[in-house]
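Undergrad: Below: one structure in structure tokens.
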Amino acid sequence: CYDCEEGFFGEDCVPCPRDCGHGTCSSGLNGTGECLCKEGWKLEGKMPCTSCAEGYIGPTCQLCPGFIESEVACNGHGQCVMSGTQAVCHCDARYGGEGCESYDFPFAMVAILGTIALSTLGFCMCTMRRLARQPHTLQGPFLNRGNSFSQSEYVEISDMSDLEYFVSNDSRDWLIPFDSLSLQCEVGNGTSGQVFRSLLHSGGGSSVVAVKRLYSPVTGQEYFQSFFRREVSILSRLHHPNVVRFYGVSYYNRVLYIVTDFCPKSLSALIENPAAKGPLQESVFMKVINQIVSGMGFLHSRNVVHRDLKPANVLISETEDVNICDFGLSRLIEPDATTMTAEVGTPSYMAPEMATMGGIQCSTKGDVYSFGILLYSTWSRSKPYGDQGMNPFQLMTAVVNGLRPVIPISCPPALAHLMRSCWHQNPDWLLSMYTEEEEYYYPESPGRVPSSQLMSASSSVSTIPAAASHRRSSKDSANASPRGGGYGTYEEEEGIPPREDDRLLDEQKPPR
Numbered sequence: 001c002y003d004c005e006e007g008f009f010g011e012d013c014v015p016c017p018r019d020c021g022h023g024t025c026s027s028g029l030n031g032t033g034e035c036l037c038k039e040g041w042k043l044e045g046k047m048p049c050t051s052c053a054e055g056y057i058g059p060t061c062q063l064c065p066g067f068i069e070s071e072v073a074c075n076g077h078g079q080c081v082m083s084g085t086q087a088v089c090h091c092d093a094r095y096g097g098e099g100c101e102s103y104d105f106p107f108a109m110v111a112i113l114g115t116i117a118l119s120t121l122g123f124c125m126c127t128m129r130r131l132a133r134q135p136h137t138l139q140g141p142f143l144n145r146g147n148s149f150s151q152s153e154y155v156e157i158s159d160m161s162d163l164e165y166f167v168s169n170d171s172r173d174w175l176i177p178f179d180s181l182s183l184q185c186e187v188g189n190g191t192s193g194q195v196f197r198s199l200l201h202s203g204g205g206s207s208v209v210a211v212k213r214l215y216s217p218v219t220g221q222e223y224f225q226s227f228f229r230r231e232v233s234i235l236s237r238l239h240h241p242n243v244v245r246f247y248g249v250s251y252y253n254r255v256l257y258i259v260t261d262f263c264p265k266s267l268s269a270l271i272e273n274p275a276a277k278g279p280l281q282e283s284v285f286m287k288v289i290n291q292i293v294s295g296m297g298f299l300h301s302r303n304v305v306h307r308d309l310k311p312a313n314v315l316i317s318e319t320e321d322v323n324i325c326d327f328g329l330s331r332l333i334e335p336d337a338t339t340m341t342a343e344v345g346t347p348s349y350m351a352p353e354m355a356t357m358g359g360i361q362c363s364t365k366g367d368v369y370s371f372g373i374l375l376y377s378t379w380s381r382s383k384p385y386g387d388q389g390m391n392p393f394q395l396m397t398a399v400v401n402g403l404r405p406v407i408p409i410s411c412p413p414a415l416a417h418l419m420r421s422c423w424h425q426n427p428d429w430l431l432s433m434y435t436e437e438e439e440y441y442y443p444e445s446p447g448r449v450p451s452s453q454l455m456s457a458s459s460s461v462s463t464i465p466a467a468a469s470h471r472r473s474s475k476d477s478a479n480a481s482p483r484g485g486g487y488g489t490y491e492e493e494e495g496i497p498p499r500e501d502d503r504l505l506d507e508q509k510p511p512r
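Here it is as structure tokens:
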């Protein structure tokens, strides 16, 4: 008339042989000593009840919607990911509902097509028979075919095996099988896609990575030709400690996934932290700014223009180092190029010429302008123009006409001068983040901003050689295109007198 205590089993009440993780040992006189996992956890492996069973996801093994009904997560029509503490489905195109159980079929289109089909039944049957006798095969590699194809030659790309036919050998090295990725939880989203903390399984191990799921579903060959020639060619050759590392791209259900290093924080979260007050610590501020300059200088040295430099696109790694990311708007330019056509960036950080030229005029000077606004945001720990109450169109109009952030009176004069130098009305007078040979704008460290020059409130005018940092040729002077209207008055309103070299710059700018 006895029984074994918890954790012991059998007639001799021997201890259970191992830790059951998220489960319990089958104990008692009639127990077997095996682990009994809680719901959502599986028994297999050396550490039982420590990994999620099929249909469950996340650190607490949450049940994926649709799994109970179909024994497949999201009913097999989407990707199950974590959103906060809940498992949710990101449904494939035309599917909806909590578990991707509903299909949005275009009934109106069916009626129209049905009417047409009935009136042309004979022709359609002949056509279908002819097509059935001529099965379509993919022609590859696609990039060697040139542009001599018509819309009728487009073939829908359904999976990674199809995609391999459409890219060059160099680009093929950057393709990642989608089943090598495990999307865990959403960590951010923007205008072009969602970003997930994920695992990349390779060589028997796993690495934590960031996976960006692009919003727009794509299938056409022309898109992939453009994407791999432009985006992959840019990302795959940018190897720098302050530029986010690129692993490759994947493709699943008509959606592209870009795989990069995972960074747990961003500069925007750092400067907008409601628990912190006042400017960032000098050491933190200088490290962040220097590393941004280093990373952007590297991009410009490779003829890459970012075009959307802002705190949200400056990630902070686990080692507290800067990683510049999100090259969705980046473009490769030739060394002698002055213009290129493409999208534009975020209004608060966008250079005036990007608005006045409709996004056509684009160079590294636009990134320098954005860096000046980023300097202001990082120092003041506030959003630029946050108190203006304007919509994006009104804001860009005001910026073109000379509006700039009001520099706080507490800002060191040398740092205020650097901000003004970066967002000067005339783009031809801007600083450069990349210089060649001995032409360094900041002599203490090429391409970096010395702490002694920016942070010391008692810095003299000579600490930042403005005349050297605003070099331009006589040709530049003749062809200078001003950035709209007034400049140089905002600091005076806040009690910071413009430096003498700022006055000289302002006097020499072209008239309105």
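The letter at position 26 of the sequence shown is residue 26 when you use the UniProt record's numbering, and the numbering goes up by one with no holes.
Note that the Cβ used here is the ideal one computed from N, Cα and C, for glycine as well.
The model shown is predicted, which means the values in this text are computed figures rather than measured ones.
Alpha carbon to alpha carbon, what distance is there between residue 291 and residue 267?
TA: Taking the sequence shown and counting its residues from 1, the one referred to as residue 267 is at position 267. Taking the sequence shown and counting its residues from 1, the one referred to as residue 291 is at position 291. So the alpha carbons of these two residues sit roughly 12 Å apart.
Undergrad: Enumerate in chain order the residues of its own chain whose CB-to-CB distance from residue 313 is below 7 Å, with the five nearest sequence positions on each side excluded.
TA: Against the sequence shown, residue 313 aligns to sequence position 313. Cβ within range, chain order: 324, 325, 326.
Undergrad: Alpha carbons only, please: which of 288, 237, 84 is nearest the one belonging to residue 300?
TA: Sequence index remark: in the sequence shown, residue 300 carries index 300 (1-based). Here the closest residue by C-alpha is 237.
Undergrad: What's the gap between the Cα of residue 132 and the Cα of residue 77?
TA: Counted from its first residue, the sequence shown places residue 132 at position 132. Counted from its first residue, the sequence shown places residue 77 at position 77. With a pLDDT of only 40 at residue 132, under the threshold of 50, the placement of this residue in the model should not be trusted, and no figure is reported.
Undergrad: Entirely within the region 388-424 and at least 4 residues each: give me those alpha helix (DSSP H) ranges in chain order.
TA: Within the region 388-424, the complete alpha helix (DSSP H) runs of at least 4 residues are 392-400, 413-422.
Undergrad: Name the DSSP bridge partner or partners of residue 182?
TA: Here residue 182 refers to the residue found at position 182 of the sequence shown. The partner list for residue 182 (beta bridge, DSSP) reads 199.
Undergrad: Taking buried to mean at least 16 other C-beta atoms within 10 Å of its own C-beta, is residue 68 buried or exposed?
TA: On the sequence shown, position 68 is the one that residue 68 refers to. By the neighbour-count rule (16 or more Cβ atoms within 10 Å), residue 68 is not buried but exposed.
Undergrad: Kindly indicate which three-state DSSP category residue 269 falls into: helix, strand or coil?
TA: Here residue 269 refers to the residue found at position 269 when the sequence shown is read from its first residue. Helix, per DSSP.
Undergrad: Excluding the five sequence neighbours on either side, which residues of its own chain have a C-beta within less than 8 Å of the C-beta of residue 83, listed in chain order?
TA: In the sequence shown, residue 83 corresponds to position 83, counting from 1. Once the five neighbours on either side are set aside, the close Cβ partners of residue 83 are 185, 186.
Undergrad: State the CB to CB distance for the pair residue 589 and residue 243, rounded to an integer number of angstroms; the pair is presumed to be in contact (CB under 8 Å).
TA: Lying before the first or after the last residue shown, residue 589 is absent from the chain, which here runs from 1 to 512.
Undergrad: Could you tell me which residues DSSP pairs with residue 310 in its beta bridges?
TA: In the sequence shown, the residue the question calls residue 310 occupies position 310. DSSP, once it has assigned bridges, lists no residue as partnering residue 310.
Undergrad: Could you give the distance in angstroms between the alpha-carbon of residue 298 and the alpha-carbon of residue 252?
TA: By one-based count along the sequence shown, residue 298 stands at place 298. By one-based count along the sequence shown, residue 252 stands at place 252. So the two alpha carbons sit approximately 33 Å from each other.
Undergrad: Mind checking residue 19: buried by the 16 CB within 10 Å criterion, or exposed?
TA: For the purposes of this step, residue 19 is taken as residue 19 along the sequence shown, with counting starting at 1. By the 10 Å Cβ count, residue 19 comes out exposed.
Undergrad: With DSSP as the reference, please indicate the residues paired to residue 241 in a beta bridge.
TA: Locating residue 241 in the sequence shown gives position 241, counting from the first residue. According to DSSP, which records beta bridges pairwise, residue 241 is partnered with nothing at all.
Undergrad: Quick test of your reading: residue 22 and residue 46, contact by CB under 8 Å. State the CB separation rounded to the nearest angstrom.
TA: Within the sequence shown, numbered from 1, the residue matching residue 22 stands at position 22. Within the sequence shown, numbered from 1, the residue matching residue 46 stands at position 46. That belief does not hold up - the Cβ atoms of residue 22 and residue 46 are roughly 15 Å apart, past 8 Å.
Undergrad: For residue 258 versus residue 378, is the C-beta spacing smaller than 7 Å?
TA: In the sequence shown, the residue the question calls residue 258 occupies position 258. In the sequence shown, the residue the question calls residue 378 occupies position 378. Going by C-beta atoms, residue 258 is not nearer than 7 Å to residue 378.
Undergrad: From what residue to what residue does the alpha helix (DSSP H) around residue 298 run?
TA: Here residue 298 refers to the residue found at position 298 when the sequence shown is read from its first residue. 282-301 is the span of the alpha helix (DSSP H), which, as asked, contains residue 298.
Undergrad: Measure the C-alpha to C-alpha separation of residue 60 and residue 183 and round it to an integer number of angstroms.
TA: If you number the sequence shown from 1, residue 60 lands on position 60. If you number the sequence shown from 1, residue 183 lands on position 183. Going by the C-alpha atoms only, they are around 15 Å apart.
Undergrad: For my contact list, residue 15 and residue 7 are in at a C-beta cut-off of 8 Å; report their separation, rounded to the angstrom.
TA: The residue given as residue 15 occupies position 15 in the sequence shown. The residue given as residue 7 occupies position 7 in the sequence shown. That pair is a contact at about 6 Å.
Undergrad: Using the beta-carbon count (16 or more within 10 Å), is residue 56 buried or exposed?
TA: As a first step, residue 56 must be located in the sequence shown, where it is residue number 56. By the neighbour-count rule (16 or more Cβ atoms within 10 Å), residue 56 is buried.
Undergrad: Taking DSSP's pairing of strands, which residues face residue 176 in a bridge?
TA: Translated into positions along the sequence shown, residue 176 becomes position 176. DSSP output for residue 176 lists no bridge partner at all.
Undergrad: If we ignore side chains and look at the alpha-carbon of each, how far apart do residue 424 and residue 369 end up?
TA: Taking the first residue of the sequence shown as 1, we reach residue 424 at position 424. Taking the first residue of the sequence shown as 1, we reach residue 369 at position 369. So the two alpha carbons sit approximately 8 Å from each other.
Undergrad: By the DSSP assignment, the beta strand (DSSP E) with residue 256 in it spans what residues?
TA: Locating residue 256 in the sequence shown gives position 256, where the first residue counts as 1. It spans 255-261 - the beta strand (DSSP E) in which residue 256 sits, taken as one unbroken run.
Undergrad: Looking at the strands, I want to know which residues DSSP matches up with residue 213.
TA: Taking the first residue of the sequence shown as 1, we reach residue 213 at position 213. Answer is 194, 257.
Undergrad: Can you pull the DSSP bridge partners for residue 15?
TA: Stepping through the sequence shown from its first residue, residue 15 is reached at position 15. Paired residue(s): 8.
Undergrad: Rounded to whole angstroms, how far is the Cβ of residue 309 from the Cβ of residue 393, which I believe are closer than 8 Å?
TA: Taking the sequence shown and counting its residues from 1, the one referred to as residue 309 is at position 309. Taking the sequence shown and counting its residues from 1, the one referred to as residue 393 is at position 393. Not really, about 21 Å apart at Cβ, beyond 8 Å.
Undergrad: Could you give the distance in angstroms between the alpha-carbon of residue 407 and the alpha-carbon of residue 398?
TA: Within the sequence shown, numbered from 1, the residue matching residue 407 stands at position 407. Within the sequence shown, numbered from 1, the residue matching residue 398 stands at position 398. Using only the alpha carbons, I get a separation of about 17 Å.
Undergrad: Should residue 209 and residue 246 be called a contact, given that it needs their Cβ atoms to be closer than 7 Å?
TA: Against the sequence shown, residue 209 aligns to sequence position 209. Against the sequence shown, residue 246 aligns to sequence position 246. No, they are not a contact pair.
Undergrad: Starting from residue 89, follow its DSSP beta bridges and name the residues at the other end.
TA: For the purposes of this step, residue 89 is identified with residue 89 of the sequence shown, where counting begins at 1. Paired residues: 80.
Undergrad: Would you report the Cα separation of residue 287 and residue 279, rounded to the nearest angstrom?
TA: The residue you call residue 287 lines up with position 287 of the sequence shown. The residue you call residue 279 lines up with position 279 of the sequence shown. Straight-line Cα distance between these residues: approximately 14 Å.
Undergrad: Could you give the first and the last residue of the continuous beta strand (DSSP E) run that contains residue 36?
TA: On the sequence shown, residue 36 is found 36 positions in, with the first residue counted as 1. Per DSSP, residue 36 belongs to the beta strand (DSSP E) from 35-37.
Undergrad: Under three-state DSSP, which class holds residue 49?
TA: Numbered from its first residue, the sequence shown carries residue 49 at position 49. Three-state result, residue 49: coil.
Undergrad: In three-state terms, what does DSSP make of residue 24?
TA: On the sequence shown, residue 24 is found 24 positions in, with the first residue counted as 1. Strand at residue 24.
Undergrad: Express the C-alpha separation of residue 98 and residue 58 in angstroms, rounding to a whole number.
TA: The count along the sequence shown starts at 1 and reaches residue 58 at position 58. The count along the sequence shown starts at 1 and reaches residue 98 at position 98. Those two C-alpha atoms are separated by around 18 Å.
Undergrad: Check whether the Cβ atoms of residue 347 and residue 296 sit closer than 7 Å, and answer yes or no.
TA: Residue 347 sits at position 347 when you count from the first residue of the sequence shown. Residue 296 sits at position 296 when you count from the first residue of the sequence shown. Result no, Cβ atoms of residue 347 and residue 296 do not sit closer than 7 Å.
Undergrad: Starting from the Cα of residue 188, find the closest Cα among 212, 179, 201 and give me that residue.
TA: Against the sequence shown, residue 188 aligns to sequence position 188. The shortest Cα separation from residue 188 among 212, 179, 201 belongs to 212.
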